Amino acid sequence: MTETYVPGGGRWRLWEQFALRGPGFPADGVLRLAPDGLAAAADKFGPRDELSGQSWTDFAALFADAAVETAHTLQDIARTPAFREAVAWQNRPVLTSGVAPFLAWRPGVDRRSSMPRQREELVAHYWQRFCVKNDTIGFFGPVGWGRWDSGTAGLAVEPGAGLVAATEVYFASWAIDALAESLAADPELWPWVAPRRVPFVRVSGTEVTVPGRPARPGTAEDAAVLALCDGLRPVAEIGRHLPGVDVPAVLDDLVRRRLVVRRLEVPAGARPERALRAWLEGVGAPGPRQRGLAALDALERGRDRVRAAEGPDALVAALTELEERFVALTETAAHREKSAGTAPCRALVYSDCRRAATATAGRAVRAALAPLDPLLTSAAWLTSELASGVLERAREVYARLAAEGPVDLAAFWFACMPVLHGAARERAEELGREFRSRWEAILAPPPDARRVRLSLADVAGPAAEAFGGARGPGWSAARYLSPDVMVAAEGPDAVARDDFTLVLGELHLAANTLGASLFVHQHQRPEELLDLTGRDHPGPRLLPLLPKEHRSRLSARIRNALVRPEDYYVALVDFTADPARPRTVLSADVAVTEAEDGSLVTVLPDGARFPVVEVFAHVLTTLAMDLFRLLPEEAEHSPRVTVDRLVVARETWRPAVAELDFADEKDEARRFVRARRWRAERDLPRHVFVVLPTETRPFYVDFDSPVYVTILAKALRRAARKDPAARAVVTEMLPTPEQSWLTDDRGRAYTSELRFVAVDEHGRGAADAAAPAGGEGADGTP
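The sequence shown finishes on residue 1140 if you use the numbering used here, and the numbering steps up by one all the way, no holes.
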């Protein structure tokens, strides 16, 4: 059944399926760290009261007793097998260095020095993530699924059995790459490694061209060898095709000149070990083949033991054994250091799980989502304007290159680098400011307002006027918008009674985030997601091949897994696909030309034509993905904005870290009271999330909990040391832990969010135009 938004003329179509994201520990777990009565006792000290005298002595004693109680609670948490298992997946050494000594400490008996306090904070910090962060990883963040059903009134939850329905353990791509590198060092395996031409090296006759350099004459032998360097033929096979040519010598020269790559490369994917096994099984020498397969078998057995491990001790033992085997086989460290250039998965393996609970959303939820329509339309304006600005500059690059002769995609891509890393970034920032300015004018929050309530009728007309002139989404991937929506309700029954509020979290621009590997591979029937993709894109797409990983936004887990056989890959710089995959082309073999309507198009070797903007898709998505902000971020305070029943912006405060002087208070009891005074002065809610320049992720703070106030204070001090002018971003937690509707089969409630996929039907024509001329490739594939 197809679901569409109204009003909006049917522009936005929702996928029938959505993801159900949530942690693996009940939401009320964090409430255990707020001692009963302590906050009320602290609030008896007025803003000008001296923290001294008998009343203070009594409170300090109460606080000390509460500290012992909290320490015991944290130890109970830390003893829980599920908690220790989750920590083992996240950072196993912490179990030995932090959790074990914390459990050996005796609260109320042993001295409460700085080290036990740090360990308390360590456990509490992990606990908030496991209880109230809607992450997606392992059993402590399992992937759930849901569907629309117009026959359902509100939200229905089928809890299933237990928390997790299925678990799988995957190798990190870097780990299999390390094994491949070590195997390729075997002199007897090395001859079976197939060389390949670098994607941006163009061969025309005997001339070889690298972008930015003049063409260099080569020899007929160079050209003949280059033509066969396809990543499939080993050196011996190339030699059989070229009798009389000293292929090894020519190849060595081509590698030296960086025209050819000769190394064992494992294609990107969720199962890199399978690709490595397929290569090993194709090795014609029995001895080295068996040695390579034995090494891979050893790692896979270790992975299987990790998957079968039950409980934290067994998991730690299995992970340790796997790492020892890996080090012995590869002579490589089994854990990568965190750096700006590495993706999040630094361990050898990671786990992803499918949640047992499933959800069905019905009429009331869908009706409450109506205010998304103008938001999605405004997001399409962003991507359209961004693409237009980049293409305008790209046309200037093309005109300059075309004046010198035919233009290939490799030369065009490299010549556009200054645009993509300079003018495009500037344009994106400019558009972000303009976007926020226009929305501020539409929402018109009064000065000092805490709550702004509007109707869809108040917003729809001005939004259409401000953003309705977009010329399509900009590029085919920009037809997708992925909103995260939370439901604030006292359980699914409350939603059925129409007693709920929707809260917009992030709105992911220019990306179908459900296409990420971590979602697709935790779906019972991934082919259903591919079918939905086919409905959105009836013709082939042109997809740029991406590096295997880069920082936090590109890794095997978030790589697009909804790629169909009819889609084309183009390798711009990195070649990370299976070289045997059909419809994978090198940038140097693709022409860039001007179409009859004046637009720039790419022409593939088989004659397929696509708008040149598709080549920039990933760069444009990266530039656009953080632009959706409805209100200026410079304001010290932003109100909660609600349109009908959808909260489109949560209340947010942005105090200077230097202003929060309670963070410098050394005495814990005084710090707690002063933090609560500051909260009362600003009238902040009890539960918030905080973002700081020095912290990699938002973290939860409960102002009724001394341990979370301490975590906040330490984070503020770190930020102030790095930049005294830095600001904290404090956002109300909405829904609160008490407003969690997702339950398991034992009735325990979890925080959650629904991740939808919206498709822009106005961009469908542009996407269809991206198909090869005549609707077919040269091979006749539809």
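Ideal placement from N, C-alpha and C gives every residue a C-beta, glycine not left out. This structure is a prediction, so every number in the text was calculated from the model and none was measured.
Hey, quick one: how far does the alpha helix (DSSP H) through S310 stretch, first residue to last? Residue 310 lies beyond the range of the chain shown here (359 to 1140); nothing can be said about it.
Quick one: is V457 near chain C, going by C-beta distance under 7 Å? Absent from the structure is chain C; it holds one protein chain and no more.
Name the residue from L1070, P1093 and D1060 whose alpha carbon lies nearest to the alpha carbon of D389. Note on residue identity: the sequence assigns Leu, not Asp, to residue 389. Considering only alpha carbons, the answer is D1060.
Might you give, ordered along the chain, the residues of its own chain that have their beta carbon closer than 8 Å to the beta carbon of T510, omitting 5 neighbours on each side? T718, A719, G720 and R721
Is the Cβ-Cβ distance between P937 and G640 less than 7 Å? no
Straight-line Cα distance separating R794 from A1014: 22 Å
Three or more C-beta pairs closer than 8 Å, one from the stretch 727-737 and one from the stretch 757-776: is that the case here? no
Can you look up W373 in the DSSP assignment and give me helix, strand or coil? coil
To the nearest angstrom, how far is the alpha carbon of T1054 from that of V1048? 11 Å
Assuming V618 contacts V556 under a Cβ cut-off of 8 Å, what Cβ separation, rounded to an integer in Å, is found between them? 7 Å
Closer than 7 Å by C-beta to P592: which residues in its own chain qualify, once you throw out the five before and the five after it? Chain order, please. P549, W550, V551 and A552
Terminal residues of the beta strand (DSSP E) in which T980 lies: That residue, T980, is in no beta strand (DSSP E); its alpha helix (DSSP H) goes A975 to A982.
Give the straight-line distance between the Cα atoms of F376 and S1110, rounded to the nearest whole angstrom. 13 Å
So which of V1001, A582, R1032 and A436 has the shortest CA-CA distance to R809? V1001
R998 and E991: beta carbons closer than 7 Å? no
Backbone CA spacing between A698 and E972 [nearest angstrom]: For A698, the predicted model reports a pLDDT of 44, less than 50, meaning its position is unreliable; a value from the coordinates is still stated below. Their backbone Cα atoms lie some 27 Å apart in a straight line.
Burial state of R1037, where buried means 16 or more other Cβ atoms lie within 10 Å: buried
Would DSSP call V999 helix, strand or coil? strand
Proximity to P405 [Cα-Cα], best of F1020, A1073 and P1051: F1020
Per-residue DSSP class, three states only, for L378: strand
Could you tell me the distance, in whole angstroms, from the CA atom of G1155 to the CA atom of F403? Here the chain has residues from 359 to 1140 only, and residue 1155 is not among them.
Report yes if the C-beta distance between P1095 and D386 is below 7 Å; otherwise report no. yes
Going straight from the alpha carbon of V467 to that of L654, what length do you get? 51 Å
Mapping DSSP to helix, strand and coil, what is S746? helix
Considering only residues of the same chain and omitting the five flanking positions on each side of V1046, which have a CB-CB separation below 7 Å? V1059, V1088, T1089, E1090 and M1091
Go through its chain and collect everything with a Cβ distance to G576's Cβ below 7 Å, but skip five positions before and after it. T564, E565 and V566
Note down, one range per segment and in chain order, each beta strand (DSSP E) of at least 3 residues found wholly within the stretch 790-872. 809-812, 838-846 and 859-867
Considering only residues of the stretch 890-946, which uninterrupted beta strand (DSSP E) runs meet the minimum length of 3 residues and lie entirely inside it, listed in chain order? 900-902, 926-929 and 942-944
Identify the continuous alpha helix (DSSP H) that holds P474 and give its terminal residues. S472 to V490
At which residues does the beta strand (DSSP E) containing V1048 begin and terminate? H1045 to V1049
Any idea if R893 is buried or exposed, counting beta-carbon neighbours within 10 angstroms, 16 or more meaning buried? exposed
From the DSSP output, read off the bridge partner residues of D588. R554
Can you give me the C-alpha to C-alpha distance between A1125 and L900, rounded to a whole angstrom? In this prediction, A1125 has a pLDDT of 41, which is less than 50 and means its spatial position is unreliable; what the coordinates show is noted afterwards. Cα to Cα, A1125 sits roughly 10 Å from L900.
Could you tell me which uninterrupted alpha helix (DSSP H) segments, each at least 4 residues in length, are contained entirely in the stretch 690-737, listed from first to last along the chain? 721-726
Return helix, strand or coil for F1114, following the three-state DSSP convention. coil
Run the CB neighbour count on A705, radius 10 Å, all protein chains shown included, and call it buried at 16 or more, exposed below. buried
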